[in-house]
Amino acid sequence: MPIIRTLLSSGNTVILGTTSLTEKIFKEEFPELKHLQLPEYDISYSSILPLWLKLGTQYTKVLKAIKSEHEIVEEYIAVHNINVVISDNRYGLYSKNAHSIIVCHQLSLKTPFFQKWSNSTHVELLKKFNEVWVPDYEEKDAKLAGELSENVFGLNCKYIGPLSRLEKREAEIRYDYLFLLSGPEPTQTDLLKSVIDKLKSYKGKAVIISSSSFKIDLPANIILIKLPNANELSQLIAESKTIVCRSGYSTLMDIYLLEKKELILIPTPGQTEQEYLAEYWSKKFKSVHLAESQLGNHSF
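Positions in the sequence shown are counted from 1; adding 99 to them yields the numbering used here.
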């Protein structure tokens, strides 16, 4: 969204490519812009299998979705005379007939098996774009993504710094903890259930943000909010002392740019990128790295 706002402020005409899951958010932020409907990658997740293994079983389905979105964008460019395509981590949104850019922080993959093959495949997908915009700092000591954003494969990269749709605010602390639960199902609801169980005897004030449909009665000192907009989320973060969240990179960029120092990171089990980032941030920023299985033993 920061890139979209920058383009609009410079007088560019912007058309948004959205899916059924993202369309509502973008229409709230940019109601005046046209939308191009894109297919979902339709990846399913598991509470049992590690994410890298579950994704591996859906490799063919993902490639089919990439091919489909590429065909859609090529046809759209031919009709509407588009000059530049900027893709947010969608590997099929490139064209030989337009300058193609992909925004991607993960230039080097962390996988427990087949790492050489995984990186080779990933690099080939990235090379289809004219540029890779990396939302991180180029200097090694300043990096938020650590080894993930190092350009070890000689890609045509431009480091654009971390991005966030949220705004830093000054506010009095109202909540001891903000549990910012995000990510796919069923892993989000799994974590939500664990958090609620842990907070049953908690006497302080806490807020839980989750899009999960799981229904539960909460004590008066615990508030559950679903899908706050950017303004509401910025305010809630400012009013919270400690943030508890997954270690997804978008969330980490938000937290960094909002300058929140007290952070508990709970990576999605089996998500090797998040596990690496949680460990990296625990060393670089002194964040607490907590495995989901350890949540019950942690003192809030």
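Don't be surprised by glycine CBs; every beta carbon is placed ideally from N, CA and C.
- Query: Can you tell me the Cα-Cα spacing of Ala241 and Tyr355, whole angstroms?
  - Reply: For Ala241 and Tyr355, the distance between alpha carbons rounds to 12 Å.
- So which of Tyr140, Ser186, Ser119 and Val161 has the shortest CA-CA distance to Ile103? Taking only the C-alpha atoms, the option nearest Ile103 is Ser186.
- Query: So Gln136 is in the beta strand (DSSP E); what residue range does that whole segment cover?
  - Reply: Looking at the DSSP string, the run of the beta strand (DSSP E) that includes Gln136 is Lys133 to Gln136.
- Query: Is the beta carbon of Gln334 sitting closer than 9 Å to the one on Ser310?
  - Reply: No, these two residues do not count as a Cβ contact at 9 Å.
- Using alpha carbons as the reference points, say which of Glu168, Gly110, Thr105 and Ile365 lies closest to Gln136. Out of Glu168, Gly110, Thr105 and Ile365, the CA that lies nearest to the CA of Gln136 is found in Glu168.
- Item | Identity of the residues DSSP links to Ala305 by a beta bridge | Residue pairing by DSSP places Ala305 opposite Tyr276 and Ile321 in a beta bridge.
- Return the first residue and the last residue of the alpha helix (DSSP H) that Lys123 is part of. Here the alpha helix (DSSP H) through Lys123 covers Glu122 to Glu128.
- Please report the residue range of the beta strand (DSSP E) in which His198 lies. Element bounds for His198: His198 to Val202.
- Item | Ser346 beta carbon less than 9 Å from that of Pro366 | A Cβ-Cβ contact shorter than 9 Å links Pro366 with Ser346.
- Query: Which residue comes first and which comes last in the alpha helix (DSSP H) that contains Lys163?
  - Reply: Residues Tyr158 to His179.
- What residues are listed by DSSP as bridge partners for Glu374? As DSSP reads the structure, Glu374 sits in no beta bridge.
- Using DSSP bridges, identify the partner residues of Thr341. For Thr341, which the question treats as bridged, DSSP gives the partners Tyr276.
- Item | Thr350, buried or exposed, once every other Cβ within 10 Å from all chains shown has been counted against 16 | The residue in question, Thr350, is buried, as its Cβ has 16 or more Cβ neighbours within 10 Å.
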